[in-house]
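According to our numbering, the sequence shown holds residues 3 to 355 in order. All C-beta atoms, glycine included, are put in the ideal place defined by N, C-alpha and C.
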Amino acid sequence: MKFIDEATIKVYAGDGGNGVATFRREKYEAMGGPNGGDGGRGGSIYMIADRNINTLVDYRYTRVFRAKRGENGRGSDQYGAGGDDMVLRVPVGTVISDKATGQVLTDLAEHDQRVMVAKGGNGGLGNIHFKSSINRAPRQCTKGDAGEEFELYLELKVLADVGLLGMPNAGKSTFIRSVSAAKPKVADYPFTTLHPNLGVVRVDANRSFVIADVPGLIEGAAEGAGLGHQFLRHLSRTRLLLHLVDLAPFDEAVDPVREAIAITEELRKYDEELYNKPRWLVLNKVDMLEDSEEKVAEFVQKLGWTGRYFAISALAGIGCRELTYAIMEHVEETSRADHEATASAGADSVTGY
3 MKFIDEATIK
13 VYAGDGGNGV
23 ATFRREKYEA
33 MGGPNGGDGG
43 RGGSIYMIAD
53 RNINTLVDYR
63 YTRVFRAKRG
73 ENGRGSDQYG
83 AGGDDMVLRV
93 PVGTVISDKA
103 TGQVLTDLAE
113 HDQRVMVAKG
123 GNGGLGNIHF
133 KSSINRAPRQ
143 CTKGDAGEEF
153 ELYLELKVLA
163 DVGLLGMPNA
173 GKSTFIRSVS
183 AAKPKVADYP
193 FTTLHPNLGV
203 VRVDANRSFV
213 IADVPGLIEG
223 AAEGAGLGHQ
233 FLRHLSRTRL
243 LLHLVDLAPF
253 DEAVDPVREA
263 IAITEELRKY
273 DEELYNKPRW
283 LVLNKVDMLE
293 DSEEKVAEFV
303 QKLGWTGRYF
313 AISALAGIGC
323 RELTYAIMEH
333 VEETSRADHE
343 ATASAGADSV
353 TGY
């Protein structure tokens with residue numbers, strides 16, 4: 003199934019039903035008085051995050067959603083029935099924005115998180131509400147309110163702990179196949195990855211993390227070249243970025259150092275916050291080098307890299323185990339730090355400090 007990560011839809015909440023002006027008429031009750039009921043409330047539209055859905059493909063082809071209108075009131079004090087609410091299910095990680103203003107309305111980052119995106123109109127009042135001591139036979143009634151309507155932009159940002167970053171054919175898909183059960187396409191030509199892939203990496207029975215592989219970046223991506231730039235949004239929620247570099251490119255004229263710098267620059271152009279995320283260097287295909295340790299040291303020196311780096315072979319599995327355990331430790335540390343910060347913020351709000 004094609005991966006759809008964005009969609010634009012229109013939502014129309016139901017209008018409220020109209021109130022009515024009727025009077026009681028019975029054989030011996032000529033002046034029975036008003037008995038017109040209220041109109042029913044219009045149906046509202048809700049969105050709910052569902053972890054069993056992976057893409058926004060349902061909203062690519064069906065773009066208009068209308069909730070039911072409330073029924074009109076009737077005589078004999080009968081109120082109109084309310085319109086049924088409409089519930090739209092979206093993947094966890096969906097960001098909902100107002101298309102007209104660009105304002106983010108909500109971020110559905112947790113399973114079963116629910117939000118109202120369009121409120122149904124209130125029902126109109128029947129003439130029973132207008133009866134008074136000086137107006138014994140009111141003929142007034144009101145129409146129902148119109149339901150809200152919006153054009154919404156839905157954007158899916160996948161939830162992963164670790165994101166893979168690199169040039170096409172750097173070995174990202176091979177790496178995710180090596181360390182997880184995910185089976186992305188692997189081939190000896192660029193842009194084999196056309197949409198994000200997620201894999202669960204289990205390092206122990208009860209310890210695991212989620213890794214995301216997105217299409218490779220190329221120089222000039224910020225100006226629209228290639229495929230990867232439009233998928234970088236899926237790295238925004240990650241705790242760690244792995245920058246994979248091919249140390250043994252097919253073309254000897256390719257300079258891995260220059261390519262690594264180009265990727266870093268494209269990341270900075272796209273989003274400064276993403277650029278400042280923790281990022282490790284992963285030097286791939288060391289099994290194809292005769293003097294791999296010297297080549298790794300030379301690359302790190304030329305790049306001027308001072309952070310953590312790992313030398314691996316995703317195809318042969320060299321160094322992958324050590325890398326996954328290091329990633330697991332980092333994810334657990336950042337998770338604990340986030341939990342402690344949340345707990346501290348909650349305690350401060352309770353005490354008033």
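Spatial distance of residue i from residue j (CA atoms)
i: Val-119; j: Phe-301; result: 51 Å
i: Arg-53; j: Arg-91; result: 10 Å
i: Glu-324; j: Lys-12; result: 49 Å
i: Gln-115; j: Ser-238; result: 20 Å
i: Phe-152; j: Ala-69; result: 13 Å
i: Pro-258; j: Val-205; result: 30 Å
i: Thr-194; j: Ala-343; result: Interpretation of Thr-194 is limited by its pLDDT of 45, a score under 50 that renders its predicted location unreliable; the figure taken from the coordinates is listed afterwards. The alpha-carbon atoms of Thr-194 and Ala-343 are separated by roughly 40 Å.
i: Gly-149; j: Pro-251; result: 59 Å
i: Asp-248; j: Gly-309; result: 18 Å
i: Arg-26; j: Asp-79; result: 9 Å
i: Val-94; j: Gly-126; result: 37 Å
i: Gly-44; j: Ala-83; result: 9 Å
i: Ala-313; j: Leu-305; result: 15 Å
i: Gly-41; j: Ala-139; result: 20 Å
i: Ile-320; j: Leu-285; result: 11 Å
i: Ser-315; j: Glu-335; result: 26 Å
i: Ile-329; j: Leu-283; result: 12 Å
i: Leu-167; j: Val-256; result: 18 Å
i: Ala-262; j: Arg-281; result: 12 Å
i: Ile-136; j: Gly-34; result: 16 Å
i: His-113; j: Asp-7; result: 18 Å
i: Glu-295; j: Val-216; result: 28 Å
i: Gly-21; j: Leu-158; result: 42 Å
i: Lys-121; j: Ser-46; result: 5 Å
Simplified DSSP state of residue i, which is helix, strand or coil
i: Tyr-48; result: strand
i: His-113; result: coil
i: Ser-210; result: strand
i: Val-202; result: strand
i: Ala-15; result: coil
i: Pro-170; result: coil
i: Pro-258; result: helix
i: Arg-91; result: strand
i: Leu-107; result: strand
i: Ser-134; result: coil
i: Ser-180; result: helix
i: Asp-248; result: strand
i: Leu-243; result: strand
i: Gly-230; result: With a pLDDT of only 45 at Gly-230, under the threshold of 50, the placement of this residue in the model should not be trusted, and no figure is reported.
Bridge-paired residues (DSSP) for residue i
i: Ala-120; result: Ile-47
i: Ala-69; result: Answer by DSSP bridge pairing: none, since Ala-69 is not bridged.
i: Ala-9; result: Leu-156
i: Glu-150; result: Answer by DSSP bridge pairing: none, since Glu-150 is not bridged.
i: Arg-141; result: Paired residue(s): none; Arg-141 is not in a bridge.
i: Gln-80; result: Arg-76
i: Asp-100; result: Leu-154
i: Gly-165; result: Ala-214 and Leu-243
8 Å CB neighbourhood of residue i in its chain, flanking five on each side removed
i: Leu-317; result: Gly-173, Thr-176, Ser-180, Lys-287 and Asp-289
i: Thr-240; result: Ala-162, Asp-163, Val-164, Gly-165, Ala-214 and Lys-279
i: Gln-105; result: Ser-99
i: Ala-23; result: Pro-36, Gly-38, Gly-128, Asn-129, Pro-140, Arg-141, Gln-142 and Cys-143
i: Tyr-48; result: Asp-87, Met-88, Val-89, Leu-90, Arg-116, Val-117, Met-118 and Val-119
Contact set for residue i: own chain, Cβ-Cβ below 6 Å, skip 5 residues either direction
i: Arg-270; result: Tyr-277
i: Val-333; result: Asp-163, Phe-211 and Arg-241
i: Trp-307; result: Leu-283
i: Arg-71; result: Gly-16, Asp-17, Gly-44 and Gly-85
i: Val-298; result: Leu-285 and Ala-313
Chain-order list of residues whose beta-carbon lies under 7 Å from that of residue i (same chain, five-residue window excluded)
i: Ala-9; result: Leu-58, Tyr-61, Arg-62 and Leu-156
i: Ser-337; result: none
i: Val-97; result: Val-106, Asp-109, Glu-157 and Lys-159
i: Lys-101; result: Thr-10, Glu-153, Leu-154 and Tyr-155
Neighbour flag for residue i against chain D, beta carbons, 8 Å
i: Arg-239; result: Among the chains of the structure shown, chain D does not appear; only one protein chain is present.
Open item on the list: Quick check for students: name the residue ranges of the beta strand (DSSP E) that lie wholly in the stretch 266-346, counting only runs of 3 or more.
Closed with: 281-286 and 311-313
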